[in-house]
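Numbering (the numbering used here), first residue to last: 556 to 1622.
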Amino acid sequence: MAGIYNATEVTDQVFEELHLPAEIVQGIQTVWTGFLKTGATREDAGEALYSAVFDAAPSLQSLFKTPRAVMAMRFINGLTRIMSSLDDPTAMKVVVETLGFQHLELEVTIPRVAIFRDAITDLLQVELMDLMSTQVREGLQTVLNYVGGAYIYIRVKYAERLRILASSWATANNRRTTENGEEVINTSMEESDESLKKARKATAFRGGPTSGSKEERQHTGSGDHSSSDSADMVRLRRQSVPTTYNEMFAFNAAVMGFGDKGWMGEVLVSFDAIVRNVSNSTRLQEECDVLSLRLAKCKGSSINLNEYKAVMLATLRSLVPKDWNSQHEVSWSWLWENVERMIGANLGKPAVQERALSKLLVGFDEETRGRLRREIYTTFFTLAPAGQDYFKQSTTRLHFIADRIVAMTLEIYKDANKMVEDISAMGLRHVGYGIPTDLFGPFVTACVKVMSNIANDDIANEAYRWSLGLVSRILTRVINEGSTIVMRAINQNSAKQLCKAVSCAPRGKRAMWMLNIQVGTQSISPLIWAIETGSLESAKAIITDLLTIRADRDRYYYGMDTMFERHPDLVKRLVQDAPALLPTLFEGLIWRSRTTENGMRRVNYYIKHLMVDSNGNFARTIGWLTEHGDPKIVCHPVIAMVTDLVWSRIAFRSFLQSKSWEIISLAVFLLGTAVFVEAREQTSSQRIVVMACRAYTYLVSLCPRIHRHVTRTCGSYKRREVIMWGHVPVPGYLAKWQEKVCLSLTLSLIAMLFFEPILACIGQQEGDFEGAGLFTQVCDKGKNLGFVYSVMVVFAIFFYFMLTIDMSVFSTRVSAFVLIVFRVASEVWLYLAGMIFVILAFSCAAVALEHDNEEFKTIPEAAMRLLEVALMLYDNSKYEAVRNEPALLFLMVAYILAAMTFLVNLLIAQMNCAYQCVYEDMVGYARLNRGKIVTESMPSVAEWRWRTFIDSLCLDMPCEFGEGDIGLPGAVQVLEPSSQHITTVDMIRRFGGSTSPSAQWPEEDLDAENDRFTQLEKRLEKAIRRIAPKKRKKGGPSSTQGTGETDGLSSGSKNDDGYASEAGSEM
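Here it is in structure tokens:
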């Protein structure tokens, strides 16, 4: 059927392409597609496949070390990749080879391959009896024999070489494997010399880039290096002995006479990724293609890849002297030969292709571009109709995407480093969108077809095809590596599936599974993605899981530190996008003991990251919450604890100091304007005191205010921080009512200075009038200005007292009362507006009415009389005159009913309702006010006081969970009455067994009842599907199967995939 491959024997001596007849390929793919549809989701199909293989091979169950959910999806995704590539033998060989490299640690044998093959084919035979003809079954067995034989062939031929490469590369870079299975720098060789530490961070090859930073890589590409930097590097190298591959390579290159070869620095940047991905042929080709683009930008020296090999081997011999032998020599030579072959295939081409493609794209007119945009999607939807379900945007948006894709094909030639990072970032966003990668192939095909129909330049078409293929491969890889089971659960917004997904994580990495997906230099946070996309059920499950304290015998696991280190602005993000999750977050920061001592219960408030930011400064948490303005969330015990601690220990003193100036200014102002007797009767000493107080007001109080407002106003207009007051732009800082009052006070004081009687009387102090003398105010000019000045004083007094309202923050009850007054005052303004309207209407009506009452002859007089009636100041004797005018009496009665009965009672009702609404959150509004003042006061706190305060809290010291039970740091412990929050369940989940950080937590049966019903539904659904084919044979199509597939027993209509495969799917 397929040359040397057949359905009965496993061929493990060769590994070639598998060619099957087209009808067999179509039959196998039809069977596989039908199998994927047998379950409600791909997860169900994966579970069935896993169970079949697991149950068929009891002797191999020890090999199943990966969690069931992850392994099931690896099975299904690995086999899906193989089945979908059956019609392309070359692509299939690459897929199988990649999977084979990922199975090198497993001892795959021919009997084991036969067990897997028979288990899979038997399962498909049972599930899809009608579709599994004899030819299709034999074809499927041939495919599985081919895959199993390839695994054995690859393991025998390459396993030892890859092991040597991995171990020697780790040795050459001073890396070691931690208990968690992570590679870290070996710290056994700590350097105390500061210059050596700088050399570690500096460029490793003639000022060229290391794998450290993007800026360094771009700097190397330009080849612009200063002589002083080179001299510093030489001096540093002379002072230190190279201990890593990059350092030793730079040293050996200089010794061997290759120090001026700038292109070697480019290879050095990519070499770590090349070595790490040698077992992944697709990724290795991608790295070499990107490297060839960067090498094309190197100027000044010819590229001879054999030179790099010589320096590489010399470097490795120096760094791995104890273990180096002939096998190492062969393995590294084999690696470089493969790399050299891949890079050599493209050397010299990128420059030519870039020029041709640039010329082509620049020459397109708008009509050609429009045709290109339209035909791309027309061709794509013809090749892959399913793509229409994902490209739902408007036509203008789709055209923008098409233009961007065409531009990327040229940009990757110009700046490969930047484009790889941009594509990686875009790929991680597509992980969250859930875009299937199998659509990328048809899309690239459509783009290439359309471009070849429009352009006649073969070189430009080849450049376009090659660069677009590279972009597609990078994007596909990033999506595959980033598509974790956690992201799939988030896409479905399922808390249950998310909990099931993270249960597969090692306990030491569980938090990072939910906080970081890293692909190259780009990363995405599942938690933030869930928040941004509105998957709040998943986001809540993540926060709850992170803030659940778990413990084994050796250590406690709590995701608070990891979460806030990854997202310092998490509270801000929740305030903006998901306020409903704030209580969940804050509840997770409280631990309460289940046991009590002497009627008191231990409570730990983990407030470190709410109070202190990553730089040790005051965190902005309180500011974000007060800007949000929710009176309920600020009353949460955690936020109340943070606010009260900072207020009572730090902010109170700073606030009092800032307000002391206002209080002193007010006292001096009152002493100079309102305390002493009338100006004519003041003694000379009293006049001196008054003058001194007013001089203080103008010099010490007014001048700083003028300077402050002028500076802030100019700054606001300069930064364009303005708010619109009607159609007039005013400085943005005036949005706060305190600033408005302060500005009004400043203007009042300026007016007082302008109308100051003492200044007007200078030169007229002596004379024959009462009160004459030094600093008199009662000269002729002073008397003329006296009334206007007194009016300005009245305004200034009110403004001064309004600025002291903030002093109510000292007491929560007083602050709450003040806030209620302000909130209820709006009802009073409405009442006054209604009263003015009624008085004006009735006064006009009274004047228009014909009568003889002199009190109501003019509108002002009538309005004044009606106001007196409303205020009950109208003389009762004057009612006798009104009684003699029946029409006027009727008008007066109507006015009394409207103004004094209706409006007054309405005001009472409105104020009562407003009070009831505000009273429920009275304390919350008071705490909002206190939080706002704390935030405004903290910038004036001295740094040493803040450091002393934080040190006194001992947030870095572990906080006890009980006597002798040393807990976690970051908390403040208090004692509360045992009846305040009754806790009957231990809030710490403790587990026995292994204490290794690489082990998973035991399964928690939190929803066992629902799980049992779910399993029962799945078994019934599976039984119905198995019975259905027999019924069709007896009596035609079965309605039972249709019911099962349509309804899924009311449980199966979910999204496409349960969990996503992880990078490098295993079969």
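Backbone N, C-alpha and C fix where the C-beta goes; we use that ideal spot for every residue, glycine too.
The model shown is predicted, which means the values in this text are computed figures rather than measured ones.
For residue i, collect the residues of the same chain with a Cβ closer than 6 angstroms to its Cβ; drop the 5 residues on either side in sequence, then sort them by chain order.
| i | result |
| --- | --- |
| K1487 | T1181 |
| D567 | G704, I707, Y708 |
| G1337 | P1312, A1315, C1316 |
| Y1253 | L1308 |
| S1492 | A1206, S1209, F1210 |
Near residue i, which residues of its chain fall below 8 angstroms by C-beta distance, leaving aside the five closest residues on each side in sequence?
| i | result |
| --- | --- |
| T1359 | K1214, E1217, I1218, L1221 |
| R1438 | L1444 |
| E572 | P644, T645, M647, K648 |
| E749 | Annotation note: pLDDT 39 at E749 (below 50); position unreliable, coordinate value reported separately. Cβ neighbours of E749 beyond the five flanking positions: none. |
Who are residue i's beta bridge partners in DSSP?
| i | result |
| --- | --- |
| F1224 | Note: F1224 sits in no beta bridge, so no partner. |
| A1630 | Shown here, the chain extends from 556 to 1622; a query on residue 1630 therefore has no answer. |
| V1158 | R1147, V1529 |
| D1520 | G1517 |
| A1106 | Y1111, R1545 |
| P1284 | M1279 |
| V1167 | F1173 |
| P1061 | Q1555 |
| S1078 | Q1073 |
| E1152 | M1155 |
By Cβ distance, which residues of its chain are closer than 7 angstroms to residue i, with the 5 residues on each side in sequence left out?
| i | result |
| --- | --- |
| A646 | S640 |
| F1119 | L1125, H1164 |
| L846 | E821, V822, S825, I898 |
| T870 | Y800, M803, F804, N807 |
| S723 | L871, V875, D878, H883 |
| V1057 | V1041, R1065, W1068, M1069, D1100 |
Going by Cα to Cα distance, which pick from the options is closest to residue i?
| i | options | result |
| --- | --- | --- |
| I1391 | V651, L1421, A1371, G1089 | L1421 |
| R1274 | T837, L983, G817, G1287 | G1287 |
| P1523 | T1150, Y1112, P1192 | The amino acid at residue 1523 is misidentified as Pro; the sequence shows Leu. Closest by alpha carbon: Y1112. |
| N880 | T1268, T563, L720, H1282 | L720 |
| P940 | R984, A957, D993, P905 | D993 |
| F656 | D642, L839, K1433, T1088 | L839 |
| G1517 | W818, E930, V1158, S1022 | V1158 |
| R1121 | P1134, D1132, L1082, R1545 | L1082 |
| M1166 | V1074, V608, M1067, L1510 | L1510 |
| I670 | D610, V975, I1451 | D610 |
| G814 | D827, S834, T837, E862 | E862 |
Just mark residue i as buried or exposed, buried being the case when its beta carbon has 16 or more other beta carbons within 10 Å.
| i | result |
| --- | --- |
| K1412 | exposed |
| M811 | exposed |
| D1361 | buried |
| R1110 | exposed |
| N972 | buried |
| Q1212 | exposed |
| D844 | buried |
| R1108 | exposed |
| M1279 | exposed |
| W1384 | exposed |
| R896 | exposed |
| P905 | buried |
| H1282 | exposed |
| N632 | buried |
| E842 | buried |
| R1065 | buried |
| V1265 | exposed |
| H1191 | buried |
- prompt: Can you give, in chain order, each stretch of the alpha helix (DSSP H) that sits fully within the stretch 647-683 and has at least 4 residues?
  reply: Every alpha helix (DSSP H) of 4 residues or more that sits fully in the stretch 647-683 is shown, in chain order, as 665-682.
- prompt: Which ranges does the alpha helix (DSSP H) cover as unbroken runs of at least 4 residues, wholly within the stretch 851-929, from first to last along the chain?
  reply: The alpha helix (DSSP H) runs of length 4 or more contained entirely in the stretch 851-929 are, from start to end of the chain, 860-874, 881-899, 904-917.
message: In chain order, what are the residue ranges of uninterrupted alpha helix (DSSP H) at least 4 long that sit wholly in the stretch 1373-1435?
response: Segments of the alpha helix (DSSP H) lying fully in the stretch 1373-1435: 1414-1425.
message: Which runs of the alpha helix (DSSP H) at least 4 residues long sit entirely within the stretch 987-1043? Give them in chain order.
response: Taking only runs of at least 4 residues, the alpha helix (DSSP H) segments lying wholly in the stretch 987-1043 are 995-1009, 1013-1037.
- request: Enumerate, from N- to C-terminal direction, the unbroken beta strand (DSSP E) stretches of 3 or more residues contained entirely within the stretch 1454-1526.
  value: The qualifying runs do not exist here; there are none.
task: Please specify which runs of the alpha helix (DSSP H), each continuous and at least 4 residues long, are wholly inside the stretch 1202-1264, giving them in chain order.
output: You should have 1207-1228, 1239-1251.
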